[in-house]
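*Asks:*
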Amino acid sequence: MKKLAVLFGFLISVNFNVFANATDGVKALGENATEAQKVLVRNGAKDWCDDQVDTGKIEDD
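Our numbering applies: residue 25 is where the sequence shown begins, and numbers increase by one.
What follows is the structure in structure tokens.
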């Protein structure tokens with residue numbers, strides 16, 4: 025049961041960090057970021073941008 029609680033806590037924290045941007049006050053990844061962390065941030069940024077285009081808040085080039 026404890027492992028499940030830790031897993032859900034980790035997933036929730038990753039979720040908030042992946043979908044955060046500068047206006048949320050979240051710091052950028054440091055120099056020691058793993059490739060997996062970089063991929064998560066890239067994918068989150070791409071999804072955020074796609075959502076902004078879909079809702080008409082920004083235009084796609």
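No residue lacks a Cβ here, since even glycine has one placed at the ideal position from N, Cα and C.
By the three-class DSSP mapping on this structure, what secondary structure does K26 have?
*Replies:* The answer is helix: DSSP assigns K26 an H, G or I state.
*Asks:* Alpha carbon to alpha carbon, how far is L28 from A60?
*Replies:* Approximately 22 Å between the Cα atoms of the pair.
*Asks:* Using the Cα positions of G80 and C73, report the straight-line distance between them to the nearest angstrom.
*Replies:* Rounded to the nearest angstrom, the two C-alpha atoms are 11 Å apart.
*Asks:* Of all the options L53, M25 and F34, which has the alpha carbon lying nearest to the alpha carbon of R13?
*Replies:* This structure does not reach residue 13, given that the chain is present from 25 up to 85, and the question cannot be answered.
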